[in-house]
Amino acid sequence: MPIGVIVNCLGIIIGGILGTFIGPRLSESFKTNLNLVFGACAMTMGINSIALMKNMPAVILSVILGTVIGLAIHLGTIIQNMGMGMEKIISKIIPGQGTKDAEYQSVLVTAIVLFCASGTGIYGSITAGMTGDHSILLAKTILDLPTALIFACVLGFVTCVIAIPQFMLLFLLAGAIYPFCTETMICDFKACGGVLLVATGFRMMKVKEFPVADMIPAMILAMPLSHLWVTYVLPFVS
Numbered sequence: 171m172p173i174g175v176i177v178n179c180l181g182i183i184i185g186g187i188l189g190t191f192i193g194p195r196l197s198e199s200f201k202t203n204l205n206l207v208f209g210a211c212a213m214t215m216g217i218n219s220i221a222l223m224k225n226m227p228a229v230i231l232s233v234i235l236g237t238v239i240g241l242a243i244h245l246g247t248i249i250q251n252m253g254m255g256m257e258k259i260i261s262k263i264i265p266g267q268g269t270k271d272a273e274y275q276s277v278l279v280t281a282i283v284l285f286c287a288s289g290t291g292i293y294g295s296i297t298a299g300m301t302g303d304h305s306i307l308l309a310k311t312i313l314d315l316p317t318a319l320i321f322a323c324v325l326g327f328v329t330c331v332i333a334i335p336q337f338m339l340l341f342l343l344a345g346a347i348y349p350f351c352t353e354t355m356i357c358d359f360k361a362c363g364g365v366l367l368v369a370t371g372f373r374m375m376k377v378k379e380f381p382v383a384d385m386i387p388a389m390i391l392a393m394p395l396s397h398l399w400v401t402y403v404l405p406f407v408s
C-alpha cells in the first residue's frame, strides 16, 4: 500500500484547506517571511539531492536539453493554462477563488512544479516501492503541508487539486519505472530534481523567476542519459 504517497498528498490537501480559510487572517509580512523560509528549505533539499550526483555531465546535459525542449514547446505556458483550467473548475464550485493576476499565475506554476516535479517525490516513491521505506515521502510531507498552506493563501482550493496529478505521477510513474532503474540512474535522477528544487527555491523567494516548468523535461532525460553515459561514453573515454 502506497502509504507515503497517500500521506504526502493528504498533506497538500490539508495544507490547502487550512490556507484557504486562515490565509486572510495572516499578515502579508508573516506570509512573505514564511515563504522565504520554505524557499530556503526547498533549496536545502535540492542541494542535498545534488550531492548524490554520480555523473555530472549527464545531469547537466539533461537540465540543458530538457529546458531547451520545454522552452521550444512552451511547456511552462501549457502547465500554466492547465492550472488556470483547474482554477476555473474550482471557481464554478466555490466562487471567489484566486485573484487571476500575474502573481497568481506565477504562484500556481511554482506550486505545481514544487509538488509534482521536484524529483524527491518520485525518488521517494521508487524507494517506497522497492524497499517499503516511506521516510523520504514523509519528510517531504513535513515541507509540503505548510508550503501548501502558504500557497493556498493566494491560490485557494486549487492548491488541494494539485494533489491529484501528484498522486497519479508518484504512484503510477514510479511504479512503472523502478524495475528499470540502477542506483546510479536514481542518484543522477534525484540530482536533476535537486537542480529544479534549487531553481524553485529561488522562485519562491522571488530572487529570480527561473522557468522551472520549462525545465521539467530534464526529469525525463536524466535516467536515459545517465545510462547512456555509463554504458557507452565512460568505457570509450577510459
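Residues 171 to 408 (the numbering used here) are what the sequence shown spells out, left to right. C-beta: ideal position from N, C-alpha, C; glycine also.
Neighbour-count burial assignment, residue i, 16 or more Cβ in a 10 Å radius
i              : result
serine 305     : exposed
tyrosine 402   : exposed
arginine 373   : buried
glycine 255    : exposed
isoleucine 192 : exposed
glutamate 257  : buried
Residue i (DSSP reduced to helix, strand or coil)
i                 : result
valine 403        : helix
histidine 397     : helix
leucine 367       : helix
phenylalanine 327 : coil
valine 175        : helix
methionine 375    : coil
glycine 268       : The pLDDT assigned to glycine 268 is 48, lower than 50, so where the model puts this residue is not dependable, and the model offers no usable value.
aspartate 314     : helix
cysteine 211      : helix
lysine 262        : helix
Residue j beta carbon less than 8 Å from that of residue i
i              : j                 : result
isoleucine 182 : alanine 318       : yes
alanine 281    : phenylalanine 321 : yes
valine 368     : glycine 216       : yes
valine 233     : cysteine 362      : yes
valine 324     : valine 277        : yes
asparagine 218 : serine 396        : no
glycine 371    : alanine 212       : yes
methionine 355 : methionine 393    : yes
leucine 313    : glycine 174       : no
Nearest candidate by alpha-carbon position, reference residue i, set the options
i              : options                           : result
leucine 188    : Leu315, Tyr274, Ile239 and Met385 : Leu315
isoleucine 332 : Phe208, Thr190, Phe285 and Val400 : Phe285
leucine 391    : Val238, Met252, Phe208 and Thr190 : Val238
cysteine 357   : Ile259, Ala221 and Glu273         : Ala221
alanine 246    : Gly364, Pro381 and Thr214         : The question names alanine, but residue 246 is glycine in the sequence shown. It is Pro381 whose Cα lies nearest to the Cα of glycine 246.
glutamate 273  : Thr190, Gln250, Ser197 and Ile260 : Gln250
Assumed close pair residue i, residue j - CB separation to whole angstroms, cut-off 8 Å
i              : j             : result
isoleucine 386 : valine 229    : About 15 Å; that fails the 8 Å criterion.
valine 177     : threonine 311 : 5 Å
methionine 375 : glycine 209   : 4 Å
Proximity test, residue i beta-carbon vs the ligand HEM heavy atom, cut-off 7 Å
i              : result
isoleucine 259 : The ligand content of the structure shown is nil, which means the ligand HEM is not present either.
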